[in-house]
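**Student:** One structure, as structure tokens, below. Some questions next.
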Amino acid sequence: MTALGPAARRRVGLDRIGPPRLAPRRLGPRRPRLRRLGPDLIGLRRLGLRGKIALLLAAGCALVAVAIGLLVHQARLEQVADGARAQALAQLVRVRQVYELTGHVDEDDAGGALDSLAVPEPLRRAALDGRRTTYLELSSDRPAVWAARPIGEHVLSVHKPLDEEAREMAEFDRQLMVSGAGVVALAALGGSLLAGRLSRELRTAAATARRISEGELDARIGGPGPAGGRDEVAELGAAVDTMAATLQSRLEAEQRFTADVAHELRTPLTGLHTAAELLPPGRPSELVRDRVRALRTLTEDLLEVARLDAEVERPDLEVRPLGPMVAGIVRRAGEDVGLTGADDETPVRTDARRLERVLANLIGNARRHGGGRVEVSVSGCAVTVRDHGEGFPERLLREGPRRFLTGAAERGQGTGLGLTIAFGQAQVIGARVRLRNAPDGGAEAEVRLPAAAGH
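Taking my numbering as reference, the numbering of the sequence shown is continuous, increasing by one, and the terminal residue is 1730.
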């Protein structure tokens, strides 16, 4: 916003108070420049909410500061120009009076001169036309103001340098820029502080939503806000809390219903099982007994799932060597299950009964849906159950086990509760189950147990 610059077109009686005019730019596409702007735009998209708000506030304040600075600069420059013109005219009047009294002009007095060759040509022509006028040069290297008037056939002129005024304008412009930079910095800081509070509240809401999605249904963002509040973030938090409370109540109602139905079915199923055992030998009796056993197994699985959902299961943890413990589980599972690593003495801290429940369900799932011999291997703290079937469907690997859903028709018939129970019991004993497909075909389920402390 400086008033000084290269020499430009001059006009009589008109201050050169603006910045030098720029040559018109060639119009047309500038693809290299657009390509250079690409990474900046991508970087802006990657900024967080806090950075974007602070940046937008700083940019808005910068535009306002530039606009106000230009207006103030222009007003101050016009004020300096008007003062310089008035002083030059006053000096011209005084020099004319001295000339009329003495008949000569003292060139050392206020830069007065008669027919000076240094007078700008536009000013000389105006004076010879009989006009008293001024000429202001603020865009040259040596800013000055001229005033001239006709005296008979001569031109009487005065010249006043404006170096001091130019320095004053430069200092004034520097102060404007410093003040503008300070305003922009304060705006960016204020925007960052304001956006920081908003960002923290939104991150808290996101973290709570993730906890809810992971099964922590009693997680809440915060208490209820003031009635009639107009804070959008508070409304979002209240909506998420209401959603979580509704979801929790519905899931608890579903769990209670499942547990109640399974519990109520146990008594008639016990009687039905006893009656089926009293039937005479024969194929129809075997079919009835088989269906009764399946229904009884389903009822027990439902009760187990209900207990796991209610998180009332408590493990009885002890330190035991993993290989021999798995060997006993495999022997009880049947002769069609192979075992490697039975001599692995790695100590683990687990509940043997629940671990057997996990492995039995995985072996049963592999036996039911796989093909060929089921293989169990022990390595360190991990137990892997593998079959040689079609492998796990992609949806099961992506979303995890879901009750009453086997994942794909090629996996055969089933309730889908086996994997659900295996995952639930593994969580109780602190183990982790990972499902994957083997590179050479078949499904693999790995159970990784926590190592015993101090081993």
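By construction, the Cβ of each residue, glycine as well, lies at the ideal position given by its N, Cα and C atoms.
Computed from a prediction, not measured in an experiment: that's the story for all the values here.
Can you check DSSP and say which residues form a bridge with Asn1712?
**Tutor:** Indexing the sequence shown from 1 puts residue 1712 at position 437. Paired residue(s): Ala1718.
**Student:** Classify Met1518 as buried or exposed, calling it buried when 16 or more other Cβ atoms lie within 10 Å of its own Cβ.
**Tutor:** Numbered from 1 along the sequence shown, position 243 holds the residue referred to as residue 1518. Per the 10 Å Cβ criterion, exposed.
**Student:** Just grab the DSSP bridge partners of Arg1624 for me.
**Tutor:** Position 349 of the sequence shown, counted from the start, is the residue given in the question as residue 1624. DSSP, once it has assigned bridges, lists Val1594 as partnering Arg1624.
**Student:** Considering just the uninterrupted stretch of the alpha helix (DSSP H) at Leu1392, what are its terminal residues?
**Tutor:** What you label residue 1392 is simply residue 117 of the sequence shown in a count that begins at 1. Where Leu1392 is concerned, there is no enclosing alpha helix (DSSP H), given that its DSSP letter is neither H nor E.
**Student:** Are at least three pairs of beta-carbons, each pair with one atom in the region 1569 to 1578 and one in the region 1609 to 1622, less than 8 Å apart?
**Tutor:** no
**Student:** With DSSP as the reference, label Leu1660 as helix, strand or coil.
**Tutor:** For the purposes of this step, residue 1660 is taken as the residue at position 385 of the sequence shown. Reading off the sequence, residue 1660 comes out as Val, not Leu. Three-state result, Val1660: strand.
**Student:** Suppose the cutoff is 8 Å on Cβ atoms and the five residues either side in sequence are ignored; what does the same chain contact list for Asp1438 look like?
**Tutor:** Position 163 of the sequence shown, counted from the start, is the residue given in the question as residue 1438. Excluding sequence positions up to five before and after Asp1438, its CB lies within less than 8 Å of the CB of Arg1417, Pro1418, all in the same chain and listed in chain order.
**Student:** On the CB-based measure, 16 or more other CB atoms within 10 Å of its CB, does Val1594 come out buried or exposed?
**Tutor:** Indexing the sequence shown from 1 puts residue 1594 at position 319. Val1594 is exposed by the Cβ-count criterion.
**Student:** Assuming Gly1471 contacts Ile1496 under a Cβ cut-off of 8 Å, what Cβ separation, rounded to an integer in Å, is found between them?
**Tutor:** If you number the sequence shown from 1, residue 1471 lands on position 196. If you number the sequence shown from 1, residue 1496 lands on position 221. That belief does not hold up - the Cβ atoms of Gly1471 and Ile1496 are roughly 18 Å apart, past 8 Å.
**Student:** In the DSSP assignment, the alpha helix (DSSP H) including Glu1428 goes from what residue to what residue?
**Tutor:** Numbered from 1 along the sequence shown, position 153 holds the residue referred to as residue 1428. Per DSSP, Glu1428 belongs to no alpha helix (DSSP H) and is neither H nor E.
**Student:** With DSSP run on the structure shown, which of helix, strand or coil describes Ser1524?
**Tutor:** What you label residue 1524 is simply residue 249 of the sequence shown in a count that begins at 1. DSSP places Ser1524 in helix when its eight states are reduced to three.
**Student:** Measure the Cβ-Cβ separation of Leu1547 and Val1567 and say whether it is below 8 Å.
**Tutor:** Stepping through the sequence shown from its first residue, residue 1547 is reached at position 272. Stepping through the sequence shown from its first residue, residue 1567 is reached at position 292. Result yes, Cβ atoms of Leu1547 and Val1567 sit closer than 8 Å.
**Student:** What does the Cβ neighbour count give for Asp1619, buried or exposed, with the cut at 16 atoms within 10 Å?
**Tutor:** Here residue 1619 refers to the residue found at position 344 when the sequence shown is read from its first residue. Note on Asp1619: 16 or more other CB atoms within 10 angstroms of its CB, so buried under the neighbour-count rule.
**Student:** Which residue from Ala1720, Ala1627, Gly1639 puts its Cα closest to that of Leu1671?
**Tutor:** If you number the sequence shown from 1, residue 1671 lands on position 396. Closest option to Leu1671, Cα to Cα, is Ala1720.
**Student:** Helix, strand or coil for Leu1451? Go by DSSP, reduced to three states.
**Tutor:** Position 176 of the sequence shown holds residue 1451. Look at Leu1451 here: in three-state DSSP terms it is helix.
**Student:** Find the nearest neighbour of Arg1478 within the set Arg1325, Ala1365, Pro1555, judged by alpha-carbon distance.
**Tutor:** Residue mapping note: residue 1478 aligns to position 203 of the sequence shown, counting from 1. Of Arg1325, Ala1365, Pro1555, the residue nearest in Cα terms is Arg1325.
**Student:** Excluding the five sequence neighbours on either side, which residues of its own chain have a C-beta within less than 8 Å of the C-beta of His1733, listed in chain order?
**Tutor:** Residue 1733 lies beyond the range of the chain shown here (1276 to 1730); nothing can be said about it.
**Student:** For Val1536, is the classification buried or exposed, using 16 other Cβ atoms within 10 angstroms of its Cβ as the cut-off for buried?
**Tutor:** For the purposes of this step, residue 1536 is taken as residue 261 along the sequence shown, with counting starting at 1. With fewer than 16 other Cβ atoms within 10 Å, it is exposed.
**Student:** In the DSSP assignment, find the beta strand (DSSP E) that holds Val1355 and state where it starts and stops.
**Tutor:** Walking along the sequence shown from the start, residue 1355 turns up at place 80. Where Val1355 is concerned, there is no enclosing beta strand (DSSP E), although the alpha helix (DSSP H) it sits in stretches over 1324 to 1377.
**Student:** Could you tell me the distance, in whole angstroms, from the CA atom of Asp1357 to the CA atom of Leu1364?
**Tutor:** Working through the sequence shown from its first residue, we reach residue 1357 at position 82. Working through the sequence shown from its first residue, we reach residue 1364 at position 89. Spanning the two alpha carbons is a distance of roughly 11 Å.
**Student:** So the candidates are Glu1443, Ala1401, Gln1450, Glu1440; which of them puts its Cα closest to the Cα of Glu1428?
**Tutor:** For the purposes of this step, residue 1428 is taken as residue 153 along the sequence shown, with counting starting at 1. Minimum Cα distance to Glu1428 is reached at Ala1401.
**Student:** Could you compute how far the alpha carbon of Ala1336 sits from the alpha carbon of Val1515?
**Tutor:** For the purposes of this step, residue 1336 is identified with residue 61 of the sequence shown, where counting begins at 1. For the purposes of this step, residue 1515 is identified with residue 240 of the sequence shown, where counting begins at 1. Inspection of the sequence shows that residue 1336 is occupied by Cys rather than by Ala. Cys1336 and Val1515: Cα-Cα distance of roughly 35 Å.
**Student:** Please name the residue or residues paired with Ala1654 in a DSSP beta bridge.
**Tutor:** On the sequence shown, residue 1654 is found 379 positions in, with the first residue counted as 1. The sequence shown places Ser at residue 1654, rather than the Ala named in the question. Bridge partners of Ser1654: Ala1657.
**Student:** What residue range is occupied by the uninterrupted alpha helix (DSSP H) comprising Val1703?
**Tutor:** Start at 1 with the first residue of the sequence shown, and residue 1703 comes out as number 428. First-last of the alpha helix (DSSP H) with Val1703: 1692 to 1703.
**Student:** Does DSSP put Gln1616 in a helix, in a strand, or in coil?
**Tutor:** Here residue 1616 refers to the residue found at position 341 of the sequence shown. Correcting the residue type first, residue 1616 is Gly in the shown sequence and not Gln. Note: Gly1616 maps to coil in three-state DSSP.
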